[in-house]
Structure formats: structure tokens, C-alpha cells
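Written below as C-alpha cells is the structure these notes are about.
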Amino acid sequence: MQSFFSSAWPFPPLSYYLKPGLALLNRLSTLVVMVMEQLICLYYRFCGLSPCTIDLDDQTIMHFWIPSHRRFNKPDLVLLHGYGGNARWQFIFQVGPLAKSFNLYIPDLLFFGRSYTTRSDRTEAVQAECVREGLRRLGVQRFTLVGHSYGGFVVYRMAEMYPEAVEKIVIMSSAVKYTEGQKIGHLSKIGFEKDVLEVALLDNPKDLLFFLNLCMSLSTHHHKLNPLKWIPEFFLWGFINVTNEHSNERVKLVEHHLSKKGGLNPPVLAQPFGATIKDGNCEGHWTCGEH
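Take 1403 as the starting number for the sequence shown in this note's numbering and just add one per residue.
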């Protein structure tokens, strides 16, 4: 008598039946995220914003969310997202309140969302140049910048490169003045043991969730309640499928960023206002919550 688990058993293994279901779940998760993106777009429109794509040249496309009707009695505010998001996902909870008091401009940085370039340069200076040129073509001459995480470095670079245009800056969760030792110490404290470039691919739910925790400073070391841990894994797969189109180019951005030596003082900005908050210590401009 043949064993139940014998290779001669006439029925295929369990994985044979699970595979179509898993493929369907993967497609369903992508569909769920795409529907959510469309709902976010509708919400942005409800808040008075419209999508706009600008061809800067034959190599570069910049995508913005801009005011549907610009109010000249309101100041212009530019929001720059971090590495783990884009113009739609990063500022969902801020757009509504801010749109009441500001003309909002929210670009996708290069290789995020719908912005792209064939140029080989991966520096923050190129990001700053493209954002500024896009704003110039939209008729925005003087503005305040808000940057989160990677966007904070682009904000700092824009303030340095275009002092006549940048009125104020707010930098959140960007280690502009971190030394190499401080970076290593912070990553060790929150349990970061993997290669940064490996995580930067964001090609699996575990790395994506860790990266979101890192960006939002929500770890079990600091918070007993972490809302991110309740996100279903299938939703994270859908987010990866929808947003990970230019992952290799984004890794190059991280490579460039890590290649810069820590401990070097960033340039002193020309904007003579604001206050240093927490450990910002960045010579007279307004920073917020540097880690």
C-alpha cells in the first residue's frame, strides 16, 4: 500500500490550489490601493487642488498638485514629501487644514509618483532645481517650503540655492546635521540591523513597514501603541505594487545620500528669521524636530 504522502499520490500538493488564490489576493490588494489613490485624488480636488504635469525639458517631467484657483491674498506653501511617500500619500491629513490658509503646491519628487527624469544625476541639488523650475513655470516666485525626511534635505538645498525665492522653511524628521556616529547610534537604538540599501528597495511588506516606522519615529522602543502594526500585509503588497515603479532609481538617491560624509556643517542659510527647535542647531533658520 502506498504512503499517503508518496510522490505517486494522484492529487497535486496543497500549493497547487493556493497559488491561484494568492495571485488573486495580490491583484485584489493592488486594486484596493489604486481605488484608495483615486479617493485621495478626489479629496485633493475637494480641497481645491488640481493635478498638473510639466515637461521641464526633453528629459524631465514634474508632476504637481496645485491650486485650482490661486488666491493672491494667500501665501504660497510648497510641501515636499519623504522617501516613503509621494505627493498623494504623504500629506493626506495636512492638505485640508492648510488649503484654507495657503495656496498649496505639492510636487512628486523625481522617481516618486509621476515625476521622472532620464538625467543620471541623483543629487538633492537636481531635485531642488527641478522643483524650483516647475514652480517658476507655474508663476510662483516667492514661497515657504515644508519638507519631511528626504524632502527636508531638498528643502535645505533649495533654501541655499534660491534665497531670493525661499521665504521660510520648515524641516521635519531630517537629520541635516547628524554626524556619522549619531546616525549609527540612532539606527542601533531602534533595532536597525539590515543594509540600508536593501531596505530602501521597499520590495516586501516587512521592509516597507520598518521604513514607515523609521520615518514616523514609531517603534516599540518609543511607543507602546503603534498604529502601523495593524496594517494588513496584503495592503502593503498592494502599496508596493502601485508605488514601486522606479525603485532602482530611488536606491541610487539613497546611495548618493549615504556617500556624503557625516559631521560636515551644512551651509548657513540666508533666511534671517525663525528659531531653532529641539536639536536643530542650524544657525538661524527654522527647523522642526530633527532626530
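Think of the CB as a built atom: it goes at the ideal place given N, C-alpha and C, for glycine as much as any other residue. All figures in this text were calculated on a predicted structure; none of them were measured in a lab.
TODO: Could you have a look at Leu1604 and say whether DSSP puts it in helix, strand or coil?
DONE: Sequence index remark: in the sequence shown, residue 1604 carries index 202 (1-based). When DSSP states are grouped into helix, strand and coil, Leu1604 belongs to the coil group.
Open item on the list: Given this structure, state the Cα-to-Cα distance separating Leu1604 from Val1568, to the nearest angstrom.
Closed with: Mapped onto the sequence shown, residue 1604 falls at position 202. Mapped onto the sequence shown, residue 1568 falls at position 166. The straight-line gap from Cα to Cα measures roughly 32 Å.
Open item on the list: For Phe1493, report the span of its alpha helix (DSSP H) as first-last.
Closed with: Reading the sequence shown from its first residue, position 91 is the one you call residue 1493. If you look at Phe1493, you'll find it isn't in any alpha helix (DSSP H); DSSP assigns it neither H nor E.
TODO: Tell me whether Phe1474 sits in a helix, a strand or coil according to DSSP, three-state version.
DONE: Residue 1474 sits at position 72 when you count from the first residue of the sequence shown. In this structure, Phe1474 counts as coil in the three-state DSSP scheme.
Task: Pairwise C-alpha distance: Ala1672 and Arg1490 - done: Working through the sequence shown from its first residue, we reach residue 1490 at position 88. Working through the sequence shown from its first residue, we reach residue 1672 at position 270. Those two C-alpha atoms are separated by around 31 Å.
Open item on the list: Give me the residue from His1471, Trp1639, Glu1647, Arg1559 with the minimum Cα distance to Gly1367.
Closed with: Examination of residue 1367 is not possible in this model, given that the chain is present from 1403 through 1693 alone.
TODO: Spell out the partners DSSP gives Tyr1518 in its beta bridges.
DONE: Position 116 of the sequence shown, counting from 1, holds the residue named residue 1518. In the DSSP assignment, the residues bridged to Tyr1518 are Ile1463.
Open item on the list: For a quick check, are the C-beta atoms of Tyr1485 and Tyr1552 less than 7 Å apart?
Closed with: Numbered from its first residue, the sequence shown carries residue 1485 at position 83. Numbered from its first residue, the sequence shown carries residue 1552 at position 150. Their beta carbons are under 7 Å apart, which means Tyr1485 touches Tyr1552 by this criterion.
Task: Residues near Arg1652 by beta carbon distance below 6 Å, same chain, minus five either side - done: Here residue 1652 refers to the residue found at position 250 when the sequence shown is read from its first residue. Apart from the 5 residues on each side of it in sequence, Arg1652 sits with its Cβ closer than 6 Å to the Cβ of Phe1513 in its chain, given in chain order.
Task: Coil, strand or helix - Leu1511 by DSSP - done: Taking the sequence shown and counting its residues from 1, the one referred to as residue 1511 is at position 109. The three-state secondary structure of Leu1511, taken from DSSP, is coil.
Task: First and last residue of the uninterrupted beta strand (DSSP E) at Leu1645 - done: Locating residue 1645 in the sequence shown gives position 243, where the first residue counts as 1. Residue identity differs from the one stated: residue 1645 is Thr in this sequence, not Leu. Taken as a continuous stretch (DSSP letters only), Thr1645 belongs to no beta strand (DSSP E), being part of the alpha helix (DSSP H) at 1635 to 1645.
TODO: Identify, in the order they occur along the chain, each residue of the same chain with its Cβ nearer than 8 Å to the Cβ of Phe1545, setting aside the five sequence neighbours on each side.
DONE: Along the sequence shown, one-based indexing puts residue 1545 at 143. By the criterion of a C-beta distance shorter than 8 Å, Phe1545 is surrounded in its chain by Pro1477, Asp1478, Leu1479, Val1480, Tyr1507, Leu1537, Ala1567, Val1568, Glu1569, once the five residues flanking it on both sides are discounted.
- [ ] Keeping to the same chain, check which residues put their C-beta closer than 8 Å to that of Ile1463; ignore five residues upstream and five downstream.
- [x] Here residue 1463 corresponds to residue number 61 of the sequence shown, with the count starting at 1. Contacts found: Thr1455, Ile1456, Asp1457, Arg1516, Ser1517, Tyr1518, Thr1519.
- [ ] Ignore the nearest five residues each way along the sequence and tell me which others in Val1434's own chain have a CB closer than 7 Å to its CB.
- [x] Position 32 of the sequence shown, counted from the first residue, corresponds to residue 1434. So the qualifying residues of the chain are Phe1637, Gly1640.
- [ ] Given a cut-off of 7 Å, decide if Gln1496 and Leu1511 are closer than it, judged by their beta-carbon atoms.
- [x] Residue 1511 sits at position 109 when you count from the first residue of the sequence shown. Residue 1496 sits at position 94 when you count from the first residue of the sequence shown. The Cβ atoms of Leu1511 and Gln1496 do not sit closer than 7 Å to each other.
Open item on the list: Val1644 and Met1436 - do their beta-carbons sit closer together than 7 Å?
Closed with: Here residue 1436 is taken as the residue at index 34 of the sequence shown, counted from 1. Here residue 1644 is taken as the residue at index 242 of the sequence shown, counted from 1. Contact: yes.
Open item on the list: I'd like to check one pair, Leu1660 with Arg1524: are the Cβ atoms closer than 7 Å?
Closed with: Looking up residue 1524 in the sequence shown gives position 122. Looking up residue 1660 in the sequence shown gives position 258. No. Outside cutoff.
TODO: Would you mind giving the Cβ-Cβ distance between Arg1534 and Met1560, rounded to the nearest angstrom? I have them listed as a contact below 8 Å.
DONE: Working through the sequence shown from its first residue, we reach residue 1534 at position 132. Working through the sequence shown from its first residue, we reach residue 1560 at position 158. Taking a contact as a CB-CB distance under 8 Å, the pair Arg1534 and Met1560 counts as one, their CB atoms being some 6 Å apart.
TODO: Classify His1658 as helix, strand or coil using the three-state DSSP reduction.
DONE: Translated into positions along the sequence shown, residue 1658 becomes position 256. Reduced to three states, the DSSP call for His1658 is helix.
Task: Own chain partners of Gln1461 with C-beta closer than 8 Å, once the 5 adjacent residues on each side are dropped - done: One-based indexing of the sequence shown puts residue 1461 at position 59. The beta carbon of Gln1461 lies closer than 8 Å to those of Thr1519, Thr1520, Arg1521 in the same chain, with the five residues before and after it left out.
- [ ] Taking only the alpha-carbon atoms, compute the straight-line gap between Lys1608 and Trp1632 and give it to the nearest angstrom.
- [x] Numbered from its first residue, the sequence shown carries residue 1608 at position 206. Numbered from its first residue, the sequence shown carries residue 1632 at position 230. Those two C-alpha atoms are separated by around 13 Å.
Open item on the list: Going by DSSP in three states, Val1548 sits in which element: helix, strand or coil?
Closed with: Here residue 1548 refers to the residue found at position 146 of the sequence shown. Of the three classes helix, strand and coil, the one that applies to Val1548 here is strand, per DSSP.
Open item on the list: Residues in the same chain with beta-carbon distance under 8 Å from Phe1555, minus the five sequence neighbours each way, listed in chain order, please.
Closed with: On the sequence shown, residue 1555 is found 153 positions in, with the first residue counted as 1. If we look at Phe1555 and ignore the five residues flanking it on each side, its Cβ neighbours are Glu1526, Gly1549, Ser1576, Val1578, His1659.
- [ ] Please look up how many angstroms separate the CB atoms of Leu1451 and Ala1501, rounded, as I've assumed it's under 8 Å.
- [x] Taking the first residue of the sequence shown as 1, we reach residue 1451 at position 49. Taking the first residue of the sequence shown as 1, we reach residue 1501 at position 99. By a beta-carbon distance limit of 8 Å, Leu1451 contacts Ala1501. Their separation comes to about 7 Å.
TODO: Buried or exposed for Leu1547, please, with buried defined as at least 16 other CB atoms from any protein chain shown within 10 angstroms of its CB.
DONE: As a first step, residue 1547 must be located in the sequence shown, where it is residue number 145. By the neighbour-count rule (16 or more Cβ atoms within 10 Å), Leu1547 is buried.
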